[in-house]
Each structure stands twice: as C-alpha cells, then as structure tokens.
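Visitor: Handing you a structure now.
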Amino acid sequence: MSKILVIAPHADDEIIGLGGTLLKHVKQGDEIYVCIVTRGKQPLFSEEFMLRLREETLNCHKQLEVKKTYFLEFPSVMLDEISRYELNGAMLDVFKEVKPQVVYIPHFGDMQKDHALVSEAAMVCVRPKYSYKIESVYAYETLSETEWNIPHVANAFIPQRYVDVTDYMEKKIELLKCYNSQLSDFPNARSCEAVVSLAKYRGVTVGVRSAEAFMVIRELR
Numbered sequence: 086m087s088k089i090l091v092i093a094p095h096a097d098d099e100i101i102g103l104g105g106t107l108l109k110h111v112k113q114g115d116e117i118y119v120c121i122v123t124r125g126k127q128p129l130f131s132e133e134f135m136l137r138l139r140e141e142t143l144n145c146h147k148q149l150e151v152k153k154t155y156f157l158e159f160p161s162v163m164l165d166e167i168s169r170y171e172l173n174g175a176m177l178d179v180f181k182e183v184k185p186q187v188v189y190i191p192h193f194g195d196m197q198k199d200h201a202l203v204s205e206a207a208m209v210c211v212r213p214k215y216s217y218k219i220e221s222v223y224a225y226e227t228l229s230e231t232e233w234n235i236p237h238v239a240n241a242f243i244p245q246r247y248v249d250v251t252d253y254m255e256k257k258i259e260l261l262k263c264y265n266s267q268l269s270d271f272p273n274a275r276s277c278e279a280v281v282s283l284a285k286y287r288g289v290t291v292g293v294r295s296a297e298a299f300m301v302i303r304e305l306r
C-alpha cells in the first residue's frame with residue numbers, strides 16, 4: 086500500500102487529469118490524498134457558487150474514497166499575489182502530514198498561471214531533504230490548460246508514462262459529472278466527451294482503448 090498525494094490547483098483538476106489512475110490506485114489498495122490549493126473569492130466568484138463547488142468536491146471525493154481532502158483556500162486566479170514562502174509553507178505542511186510515496190502535480194507549462202505556481206511550489210516540497218521519502222513524482226495534463234498555452238518547447242507536455250484506464254473510464258466520467266458546475270458542452274475542452282476523446286487518443290498511442298498520460302519528473306525504482 087502506498088500513499089498517493091495529488092496536488093490540484095483547482096477543484097476538478099484531479100479528476101480531469103488523472104481520475105482513472107486514481108481509481109486504479111484505490112483498486113490496488115493505495116490511500117488517496119488530494120490537496121486543492123485555491124478557492125474562488127469575491128467579487129470574481131460568488132460565495133453561493135463556491136459553496137456549491139465545495140459540495141461537489143466532497144461528494145466526488147467520497148465516491149473516489151479519498152482518505153483526506155486538504156483545502157488551502159488561496160485565491161483562485163490571483164495566486165500570483167501570494168508570497169512564495171506562504172504557498173510553499175502551506176503545501177509543505179500537507180506533505181509532512183501525509184508523507185506520500187507517490188505525488189502527482191500539474192504540468193508546469195499549463196496556460197493558467199495558478200497551475201505553474203502550484204507546480205513550482207510542489208517541486209519545493211518533493212526535494213529529497215525531508216523526513217518523508219517520495220519515490221515518484223509525475224505531472225498530469227489538464228484539458229483547457231495544458232493544450233491551450235503558447236506553443237513553445239518550454240510549455241510542451243511530453244509524456245513518458247501511460248496508465249491503462251480502460252476499465253475505469255465509465256467511473257471516471259461519473260466522478261467528473263459530480264463537478265456539474267464546471268462542465269460545459271462539447272466541443273468545450275471541459276466536457277465529458279473531450280475527456281473521453283483525450284483518453285482514447287492517449288490509449289491508441291500505446292495500444293490500449295483508454296489511457297492517461299504523465300510526464301515523469303522523478304521515479305525511484
């Protein structure tokens with residue numbers, strides 16, 4: 086049994102990026118922990134909307150059998166106004182409590198600045214200098230963020246690890262539908278059909294029906 090920690094800039098990133106992989110971890114007997122880094126703040130987001138999103142998150146994570154969800158409450162789409170030491174410190178507290186063996190972080194090259202900042206902070210926390218020992222660090226892709234940035238070698242998502250999630254796609258979509266407030270109709274990237282399409286594309290790359298892809302940041306074998 087391994088402890089799996091997912092760092093998600095926003096609620097729903099964890100399901101869009103690796104919902105099938107997390108379901109597979111649960112099936113294997115691993116413990117899942119999720120850290121949601123930001124929360125929408127007024128006046129950009131109404132309190133009513135954010136309460137609804139929190140309910141959706143907790144409902145989704147209950148179905149996923151998440152061991153514990155951490156809400157850091159930093160301001161969504163304004164994360165660049167927070168000092169680095171404050172963000173790093175709050176995230177580090179989560180790492181010290183969970184002591185994960187496997188960590189999933191957002192792709193550094195994502196268009197949304199929150200994702201890049203969260204990725205940077207997570208890399209501070211996975212340094213091999215703390216009491217916990219992390220064996221693997223992977224970056225996941227998030228539709229509507231990873232593929233929409235300026236085409237550049239520094240932003241490219243280049244996967245080296247693929248997880249066969251064929252048997253878990255139906256349940257992944259059920260979990261994604263928990264986030265009803267975040268979904269749109271196809272061809273919007275944040276739609277169920279788009280998520281299924283990406284899984285099929287990643288799958289045919291490695292000869293399976295559906296897969297999720299990751300960049301390998303660190304892997305101890």
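Each residue of the sequence shown is one higher than the last, beginning at 86 in our numbering.
The beta carbon of each residue, even a glycine, is placed where N, CA and C say it ideally should be.
Going straight from the alpha carbon of arginine 306 to that of leucine 202, what length do you get?
Guide: Within the sequence shown, numbered from 1, the residue matching residue 306 stands at position 221. Within the sequence shown, numbered from 1, the residue matching residue 202 stands at position 117. Spanning the two alpha carbons is a distance of roughly 28 Å.
Visitor: Relative to the C-alpha of isoleucine 235, which candidate in Leu260, Glu133, Lys198 has its C-alpha closest?
Guide: For the purposes of this step, residue 235 is identified with residue 150 of the sequence shown, where counting begins at 1. Nearest option by C-alpha distance: Lys198.
Visitor: Please work out which residues of its chain come closer than 6 Å, Cβ to Cβ, to valine 293, disregarding the five sequence neighbours upstream and downstream, and give them in chain order.
Guide: The residue you call residue 293 lines up with position 208 of the sequence shown. Contacts found: Asp249, Thr251.
Visitor: Among the candidates Lys214, Glu171, Thr227, whose CA atom is the shortest distance from the CA of leucine 184?
Guide: Counting from 1 along the sequence shown, the entry for residue 184 is found at position 99. Sequence inspection shows lysine at residue 184; the leucine mentioned does not correspond to that position. The residue with the shortest Cα to Cα distance from lysine 184 is Lys214.
Visitor: Where does phenylalanine 156 sit, in a helix, a strand or coil, going by DSSP?
Guide: Sequence index remark: in the sequence shown, residue 156 carries index 71 (1-based). Of the three classes helix, strand and coil, the one that applies to phenylalanine 156 here is strand, per DSSP.
Visitor: Determine which residues share a DSSP beta bridge with isoleucine 117 and list them.
Guide: Translated into positions along the sequence shown, residue 117 becomes position 32. Looking at the DSSP assignment, isoleucine 117 forms a beta bridge with Ile89.
Visitor: Measure the alpha-carbon distance for leucine 138 versus valine 280 and round it to whole angstroms.
Guide: Taking the first residue of the sequence shown as position 1, residue 138 is located at position 53. Taking the first residue of the sequence shown as position 1, residue 280 is located at position 195. So the two alpha carbons sit approximately 20 Å from each other.
Visitor: Quick check on this structure: which residue in Ser229, Met208, Thr227, Tyr225 has the alpha carbon closest to the alpha carbon of isoleucine 38?
Guide: Nothing can be reported for residue 38, as the shown portion of the chain is limited to 86 through 306.
Visitor: Of all the options Arg275, Gln113, Phe130, which has the alpha carbon lying nearest to the alpha carbon of methionine 163?
Guide: For the purposes of this step, residue 163 is taken as the residue at position 78 of the sequence shown. The shortest Cα separation from methionine 163 among Arg275, Gln113, Phe130 belongs to Phe130.
Visitor: Please determine, among His200, Ile302, Ile243, the residue with the shortest C-alpha to C-alpha distance to aspartate 97.
Guide: As a first step, residue 97 is located in the sequence shown; it is residue number 12 there, counting from the start. Comparing Cα positions, the closest option is His200.
Visitor: Tell me whether the beta-carbon of glycine 105 lies closer than 9 Å to the beta-carbon of glutamate 304.
Guide: Within the sequence shown, numbered from 1, the residue matching residue 105 stands at position 20. Within the sequence shown, numbered from 1, the residue matching residue 304 stands at position 219. No. Outside cutoff.
Visitor: Taking the straight line between their C-alpha atoms, what separation do you get for valine 291 and tyrosine 247?
Guide: In the sequence shown, counting from the first residue as 1, residue 291 sits at position 206. In the sequence shown, counting from the first residue as 1, residue 247 sits at position 162. If you take the alpha carbons of valine 291 and tyrosine 247, they lie about 8 Å apart.
Visitor: Hey, out of Pro244, Gly288, Asp178, Glu141, whose CA is closest to cysteine 263's CA?
Guide: Position 178 of the sequence shown, counted from the first residue, corresponds to residue 263. When each option's Cα is compared against that of cysteine 263, the closest is Glu141.
Visitor: Of all the options Cys145, Lys153, Met135, Asn144, which has the alpha carbon lying nearest to the alpha carbon of isoleucine 117?
Guide: In the sequence shown, residue 117 corresponds to position 32, counting from 1. Of the candidates Cys145, Lys153, Met135, Asn144, the one whose C-alpha sits nearest the C-alpha of isoleucine 117 is Lys153.
Visitor: From which residue to which residue does the alpha helix (DSSP H) around glutamate 259 run?
Guide: In the sequence shown, residue 259 corresponds to position 174, counting from 1. Per DSSP, glutamate 259 belongs to the alpha helix (DSSP H) from 254-262.
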